[in-house]
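Colleague: Taken in sequence, the protein lines are chains A and B.
Here this note's numbering = 1-based position in the first sequence + 2.
Here this note's numbering = 1-based position in the second sequence + 2.
Protein chains: 2
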Amino acid sequence: MTTLTPSGTTRGPAAPSDDARVLLRPLAPGHVTIDGGLWARTADVNRAAAIPEGLEQLEKAGNLRNLEIAAGRAEGEAIGPIFADSDVHKWLEAAAWEYAREPDEKLLADQLRITELLAAAQAEDGYLDSVPMLRKVPRYSDLPWSHELYCAGHLFQAAVAQVRGTGRTELLDVAVRLADHLVATFGDGEGQLREVDGHPVVEMGLVELYRETGTRAYLDLASWFVEARGTGIIEGHDKAPTYFSDRVRIREATTVEGHAVRAVYLGAGAADVAVETGDAELLAALDTQYRAMERTKQYVTGGLGSRWEGESFGDPYELPNDRAYAETCAAIGGVQWAWRMLLATGEARYADQIERMLLNGFLAGVSLSGTEYFYVNPLQLRSDAHAEEDRSPAHGRRSWFSCACCPPNIMRTVSSLTGYLATADGASLQLHQYAPGTVTAPLDGGTLRLRVETSYPDEGRVALHVEEAPDGETTLAVRVPAWADGATLAGEPVQAGTYARVTRRFAVGDTVVLDLPLAVRLTSADPRVDAVRGAVAIERGPLVYALEQPDQAEGAVVDDLRIDPAGALSDEFRADLLGGVTVVHAQGAVVPGPDAGATTPYGPATTPPPAPVRDVTLTAIPYYAWANRGPQPMRVWVPTR
Amino acid sequence: MTTLTPSGTTRGPAAPSDDARVLLRPLAPGHVTIDGGLWARTADVNRAAAIPEGLEQLEKAGNLRNLEIAAGRAEGEAIGPIFADSDVHKWLEAAAWEYAREPDEKLLADQLRITELLAAAQAEDGYLDSVPMLRKVPRYSDLPWSHELYCAGHLFQAAVAQVRGTGRTELLDVAVRLADHLVATFGDGEGQLREVDGHPVVEMGLVELYRETGTRAYLDLASWFVEARGTGIIEGHDKAPTYFSDRVRIREATTVEGHAVRAVYLGAGAADVAVETGDAELLAALDTQYRAMERTKQYVTGGLGSRWEGESFGDPYELPNDRAYAETCAAIGGVQWAWRMLLATGEARYADQIERMLLNGFLAGVSLSGTEYFYVNPLQLRSDAHAEEDRSPAHGRRSWFSCACCPPNIMRTVSSLTGYLATADGASLQLHQYAPGTVTAPLDGGTLRLRVETSYPDEGRVALHVEEAPDGETTLAVRVPAWADGATLAGEPVQAGTYARVTRRFAVGDTVVLDLPLAVRLTSADPRVDAVRGAVAIERGPLVYALEQPDQAEGAVVDDLRIDPAGALSDEFRADLLGGVTVVHAQGAVVPGPDAGATTPYGPATTPPPAPVRDVTLTAIPYYAWANRGPQPMRVWVPTR
């Protein structure tokens with residue numbers, strides 16, 4: 003086995019073509035390293051534990067076996083959900099980005115072995131999706147549910163990652179054969195199918211494949227899939243279209259609805275199409291939809307999708323904490339969409355969104371060990387919560403799921419995280435997220451290499467040391483998050499919610515310091531968010547906090563805690579706790595629990611509410627770190643005294 | 003066609019046998035008439051419109067066609083859900099009770115025609131369930147989902163209703179053949195199946211069939227089905243047992259969980275078994291479970307089941323208003339369970355429960371016209387609510403559903419409503435619910451006939467005029483609802499939440515007046531009910547009220563209303579409105595709607611909440627009457643100023 007030099011240093015995930023209508027150009031993952039802090043810890047366990055265990059799970063759950071049967075190397079029936087192949091593809095993508103971070107023979111060998119299996123399973127004409135093949139589902143006969151294009155989309159993303167991350171083209175060959183088959187099959191031409199997949203993702207995949215191969219037909223097909231939505235295709239299959247993001251044309255939609263992952267994947271794919279085709283109208287529609295989502299349908303954790311039923315977005319302001327679905331995959335899709343909107347618009351709010359989703363709603367989906375997952379991410383778990391099935395948070399985290407979309411999705415996201423940190427072109431470098439490491443930007447005047455020194459998000463100081471500098475003036479733009487009132491850059495006050503810029507000729511040894519104030523803050527919500535009436539959330543910097551049972555005073559049941567919104571707030575770094583976290587202390591009280599003798603929870607409003615039993619200090623941990631000590635009562639929104 | 007004299011005057015639904023361990027003995031529907039007010043209006047449209055249209059819907063939806071195919075009189079494939087027969091059975095039950103109220107040739111002819119069809123479709127050995135038969139599902143191979151015993155249970159109930167309501171025994175013959183087949187098939191004996199149905203109801207049906215026929219084997223089988231639950235049967239089919247009420251043995255359960263209709267039907271069936279077998283331990287367990295449900299899992303409307311996902315009970319105190327599922331069928335099952343507990347225990351709280359469920363959570367399930375239904379009964383509908391499917395309240399009411407369990411369930415409940423009003427035996431008559439009409443109780447000393455004169459629930463005065471009196475002393479017990487502080491009986495103060503009693507020798511011409519104070523009251527909830535923090539509900543007598551958009555001041559969007567809990571409350575009878583309702587006026591304010599320019603619903607808690615725009619008078623209607631003017635924004639729990 004020859005270890006190739008990874009070519010991943012040129013492009014990361016979602017790399018717009020040279021002609022794309024974008025304001026920002028991503029720095030490839032290979033140009034960014036993270037070597038300490040929260041993200042490095044997360045990446046380390048992802049590499050050392052999650053990815054190897056993920057491969058074992060794919061063996062155990064039968065995903066790889068399905069491919070072996072399809073390749074004629076084994077006998078039996080397909081196991082698992084119809085979209086089982088997609089978990090393999092996501093794992094392959096994770097392995098490819100991981101290899102780009104640091105080459106490893108086994109990581110490459112596993113990829114190539116599975117790639118060869120996929121090639122062997124592929125039909126003569128390029129079709130490839132093992133479960134429908136084995137179950138003899140007539141091709142594309144049930145696209146609202148068969149996930150055939152969904153699996154293709156994930157395969158395209160994996161193939162592109164393999165090229166960019168390892169330099170190998172074997173999976174790309176499979177992808178091109180499949181994509182050519184799709185191009186021949188779908189469209190308005192004679193004999194072609196006018197169908198869309200019930201689960202978007204093929205749009206993103208096709209655009210990325212176009213970016214990698216230059217084959218315009220892939221972009222055209224992606225565009226066709228985007229435009230075909232909302233024209234009655236899903237209803238033609240006798241299915242309600244809302245769930246499938248097929249109720250209205252995407253240009254006419256003003257918000258998001260239906261299945262959350264489907265909706266945000268479509269948003270991301272449509273944004274890819276918009277920037278590659280230079281379609282300002284489509285981009286504006288997506289911006290409107292994203293804003294509506296952020297304003298009315300997103301949890302404070304960044305979580306998306308409030309309903310278990312249909313894993314879907316709810317009505318505006320319908321944001322229950324206990325039954326928040328907030329699927330981990332929806333946070334991932336939200337990041338993908340926001341990233342594309344950031345590249346297109348250059349607006350700091352999209353980078354704020356990425357940070358909020360990554361550090362809260364997404365990161366809560368994986369244990370500190372990297373190998374235990376949440377499928378759903380509620381903002382409250384009550385004392386008597388009952389676990390009904392493998393997604394139930396009351397179970398605590400699980401090592402895999404019968405529908406295993408989230409774990410490999412987490413893996414590929416963590417493996418490619420460096421791709422979301424910075425953008426650069428011409429004479430400018432933009433820093434969007436902060437983590438200790440290095441950023442190497444090939445600018446017109448030469449390389450700008452920065453050493454980023456920070457303990458963010460525990461501390462708010464981000465020092466940028468120039469280790470290599472280009473000729474001429476360079477603009478360094480750094481995101482000042484919307485919550486960072488009072489921030490300074492190089493000692494000067496800067497505006498929160500924008501990019502602060504320094505333009506000058508940099509020299510090796512220069513240091514520019516961004517200082518973000520991390521004072522603990524209490525957050526309240528628009529009164530239409532009924533679920534949090536009379537409650538506040540605790541935030542510190544980009545992190546949303548939660549009260550979890552083990553950190554509270556003895557006998558102080560989380561369900562019965564109240565916070566004093568006027569009380570003192572303090573923070574404390576606890577190296578010993580949960581891998582090292584900054585905890586927050588607040589003043590509050592315990593109110594009596596329910597009266598066991600009561601016959602009903604309802605009574606005259608004239609009866610005064612029960613007086614607090616005693617004052618207590620509340621201790622909050624970062625939301626992402628909850629449920630690492632078993633499932634415990636938890637709440638993000640704390641009722642006020 | 004000969005019209006028989008209905009024998010329905012002897013027994014109503016759920017009539018305990020003479021040996022049953024009950025404290026109260028139901029008066030048959032034929033002994034009670036309702037001839038005015040809310041329930042008479044409801045019964046009139048049920049008879050005149052709902053039942054005839056229901057039959058048309060059963061034709062149109064294919065339920066009857068399925069039976070014709072099964073009977074070899076038509077060709078084709080089964081249409082509709084696997085449990086399609088059960089809707090036919092429920093319609094038959096409704097028609098039977100309706101016939102008992104007032105004989106009608108067409109009503110009987112339709113029953114007999116369908117009964118004959120069922121007999122023709124029945125297999126040699128007694129098995130009968132058309133959809134599994136036509137789809138060639140191997141018998142009882144998929145009992146967690148096939149609903150074969152569920153359909154049998156509803157058939158048994160319909161057969162018993164036909165005997166009691168019309169005196170005809172044709173359906174009873176079908177039922178007995180089917181029941182004998184079940185007795186032979188299920189149990190611990192050699193060659194017998196140790197299986198339970200995923201959806202309880204056969205338990206109630208078998209006990210009623212035992213009561214009607216005296217065949218002990220039916221009671222024994224019902225008891226066996228009750229005891230078999232919680233022993234791993236559903237898990238043996240690789241399904242999670244919570245949803246199916248199969249996680250714990252019913253004697254060991256301390257609350258309700260899983261699918262709400264399943265859970266309460268099982269509770270009712272187990273109560274039937276407990277009273278017929280004299281099983282005090284089982285009854286005590288059911289009482290514990292019912293109390294836990296009432297204390298932690300019931301809406302103020304009486305609604306049961308807070309989750310759309312799995313149509314299930316949530317965790318304790320998980321009672322969202324917008325996503326309340328509160329299926330109409332769950333309210334019906336709740337009434338059935340409470341009625342059986344009332345007969346067994348004689349406790350007024352169970353009659354209070356029946357009233358709360360009937361007048362609110364149940365009655366909201368049907369339009370004033372009687373022919374438009376809600377499947378789910380939320381306590382809030384927001385302005386921008388989106389209708390995704392036929393159950394979505396944002397649609398407004400629907401004339402039928404693809405899963406049509408609710409409409410015929412409503413029909414049979416309304417048709418048999420007089421069966422829940424009174425009980426009597428020996429020298430005592432107990433009145434549990436109040437409606438204008440007559441109650442005729444055959445007591446030991448002769449007949450006590452009362453004329454009930456009342457405008458309840460619009461007014462609180464209930465006058466009981468003695469029209470026929472027995473010899474000797476008689477005890478008249480009348481329920482004083484728990485909310486009725488200050489009630490008087492015959493001018494004497496009586497205790498709310500109990501039965502007030504008068505024991506004396508009654509004479510024709512005597513009048514006893516019960517006076518129930520109906521002052522409007524505001525209700526709040528245990529602080530653990532997070533969904534209603536900072537909000538109150540409006541109640542008046544047994545009715546829960548709701549703010550609906552059409553009744554509010556111009557421009558006062560329901561979503562943005564606040565109530566002044568210290569403000570004046572008044573009521574007003576409006577003959578012109580919604581068939582005649584008492585509305586409630588309260589003082590409140592409008593707060594500004596959401597800021598359209600906001601980027602997020604979250605902000606610093608230090609920002610004061612928006613000040614009210616203006617004071618307004620709020621007008622509330624009875625909850626049951628909402629959505630009779632199209633779907634409109636509505637809320638039961640109103641945030642306080």
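Glycine included, each C-beta is placed from N, C-alpha and C at the ideal position.
Every value quoted in this text rests on a predicted model; they were computed, and no experiment measured them.
If you follow the beta strand (DSSP E) that H587 (chain A) is in, where does it begin and where does it stop?
Modeller: Here the beta strand (DSSP E) through H587 (chain A) covers V583 to V592.
Colleague: Note down, in chain order, all residues in the segment 519–545 of chain B with a beta-carbon under 8 Å from any beta-carbon belonging to chain A.
Modeller: Listed in sequence order: R523, L524, T525, S526, A527, D528, P529, R530, V531, D532, A533, R535, G536, A537, V538 and A539.
Colleague: With DSSP as the reference, please indicate the residues paired to V538 (chain B) in a beta bridge.
Modeller: DSSP, once it has assigned bridges, lists B:V640 as partnering V538 (chain B).
Colleague: If you run the structure through DSSP and keep just helix, strand and coil, what is P28 (chain A)?
Modeller: The answer is strand: DSSP assigns P28 (chain A) an E or B state.
Colleague: Using DSSP with H/G/I as helix, E/B as strand and the rest coil, what is Y142 (chain A)?
Modeller: In this structure, Y142 (chain A) counts as coil in the three-state DSSP scheme.
Colleague: Would you give the residue range spanned by the alpha helix (DSSP H) that V515 (chain A) belongs to?
Modeller: Run containing V515 (chain A): none in the alpha helix (DSSP H); it sits in the beta strand (DSSP E), T513 to D517.
Colleague: Could you have a look at V441 (chain B) and say whether DSSP puts it in helix, strand or coil?
Modeller: V441 (chain B): strand per DSSP, three-state reduction.
Colleague: With distances taken from CA atoms, which of A:Y220, A:A558, A:G169 and A:F575 is nearest V2 (chain A)?
Modeller: Past the boundaries of the shown model lies residue 2 (chain A); chain A is included only from 3 to 643, so the question cannot be answered.
Colleague: Restricting to Cα atoms, I'd like to know which of B:G169, B:R166, B:K241 and B:T168 is closest to G200 (chain B).
Modeller: Per the Cα distances, B:K241.
Colleague: Using a Cβ-Cβ cut-off of 6 Å (strictly less than) and excluding sequence neighbours within five positions of A353 (chain B), which residues of its own chain qualify?
Modeller: Only L344, H434 and R481 meet the Cβ criterion.
Colleague: Quick check on the burial criterion: 16 or more other C-beta atoms within 10 angstroms. Buried or exposed for E95 (chain B)?
Modeller: Buried, since its Cβ has 16 or more Cβ neighbours within 10 Å.
Colleague: Spatial neighbours of T513 (chain A) within its chain, please: C-beta separation below 6 Å, excluding the five flanking residues on both sides.
Modeller: Cβ within range, chain order: A465 and H467.
Colleague: Which residue or residues does DSSP assign as beta-bridge partners of E494 (chain B)?
Modeller: The partner list for E494 (chain B) (beta bridge, DSSP) reads B:L491.
Colleague: DSSP three-state call for D532 (chain B): helix, strand or coil?
Modeller: Of the three classes helix, strand and coil, the one that applies to D532 (chain B) here is helix, per DSSP.
Colleague: Which runs of the alpha helix (DSSP H) at least 4 residues long sit entirely within the segment 316–380 of chain A? Give them in chain order.
Modeller: The qualifying runs are 330–347 and 350–358.
Colleague: Can you list the alpha helix (DSSP H) stretches of 4 or more residues lying completely in the segment 180–250 of chain A, in chain order?
Modeller: 204–215, 218–230 and 235–238, all fully within the segment 180–250 of chain A.
Colleague: Taking the DSSP output, what are the residues bridged to D573 (chain B)?
Modeller: DSSP output for D573 (chain B) lists B:V586 as bridge partner(s).
Colleague: Out of A:R542, A:Q300 and A:E329, state which residue places its alpha-carbon closest to the alpha-carbon of E311 (chain A).
Modeller: That would be A:E329, whose Cα lies nearest to the Cα of E311 (chain A).
Colleague: Give the range of the alpha helix (DSSP H) segment to which A102 (chain A) is assigned.
Modeller: Start and end: A86 to R103.
Colleague: Mind checking F376 (chain B): buried by the 16 CB within 10 Å criterion, or exposed?
Modeller: That one is buried.
Colleague: Any contact of the segment 325–341 of chain A with the segment 543–551 of chain A, i.e. 3+ C-beta pairs under 8 Å?
Modeller: Result no; under three Cβ-Cβ pairs closer than 8 Å.
Colleague: Give the secondary structure of A486 (chain A) by DSSP, where H, G and I count as helix, E and B as strand, and everything else as coil.
Modeller: The answer is coil: DSSP assigns A486 (chain A) none of H, G, I, E or B.
Colleague: So I36 (chain A) is in the alpha helix (DSSP H); what residue range does that whole segment cover?
Modeller: That residue, I36 (chain A), is in no alpha helix (DSSP H); its beta strand (DSSP E) goes V34 to I36.
Colleague: Taking 8 Å as the cut-off, does the segment 302–320 of chain B touch the segment 506–521 of chain B (at least 3 CB pairs, one atom from each stretch)?
Modeller: Output reads no: the segment 302–320 of chain B does not touch the segment 506–521 of chain B.
Colleague: Below 6 Å CB to CB, which residues in the same chain sit around A230 (chain A) once its five sequence neighbours on both sides are set aside?
Modeller: Closer than 6 Å at the Cβ level, and outside the excluded window around A230 (chain A), lie V198.
Colleague: Taking contact to mean 3 or more Cβ pairs, one atom from each stretch, closer than 8 Å, check whether the segment 522–539 of chain A and the segment 490–509 of chain A are in contact.
Modeller: Short answer: they don't touch.
Colleague: Identify each residue in the segment 384–402 of chain B for which the Cβ-Cβ distance to at least one residue of chain A is less than 7 Å, and report them in chain order.
Modeller: From the segment 384–402 of chain B, only R384, D386, A387, H388, E390 and E391 have a Cβ closer than 7 Å to chain A.
Colleague: By the 7 Å beta-carbon criterion, what residues does the segment 579–599 of chain A contribute toward chain B?
Modeller: Taking 7 Å as the Cβ-Cβ cut-off against chain B, the residues of the segment 579–599 of chain A that qualify are V593 and P596.
Colleague: Touching or not, the segment 418–430 of chain B and the segment 581–597 of chain B, by the rule of three or more beta carbon pairs under 8 Å?
Modeller: The segment 418–430 of chain B is not in contact with the segment 581–597 of chain B.
Colleague: Is L423 (chain A) helix, strand or coil when you go by DSSP?
Modeller: It is coil, neither helix nor strand.
Colleague: Can you pull out the residues from the segment 285–307 of chain B whose beta carbon lies closer than 8 Å to at least one beta carbon of chain A?
Modeller: Listed by position along the chain: R293, E296, R297, T298, Q300 and V302.
Colleague: Under a three-way DSSP split, which group does V275 (chain A) fall into?
Modeller: Helix at V275 (chain A).
Colleague: Whole angstroms is fine: what's the gap from A350 (chain B)'s alpha carbon to T425 (chain B)'s?
Modeller: Computed Cα separation, rounded: 13 Å.
Colleague: For R75 (chain B), count neighbouring Cβ atoms within 10 angstroms of its own Cβ and tell me buried if that reaches 16, exposed if not.
Modeller: When all chains shown are included, R75 (chain B) counts as exposed.
Colleague: Alpha helix (DSSP H) containing Q159 (chain B): first to last residue?
Modeller: Taken as a continuous stretch (DSSP letters only), the alpha helix (DSSP H) holding Q159 (chain B) covers E150 to T168.
Colleague: Using a beta-carbon distance below 8 Å, is T11 (chain A) in contact with chain B?
Modeller: With a pLDDT of 46 at T11 (chain A), under the threshold of 50, the predicted position of this residue should be treated as unreliable, and no value is reported.
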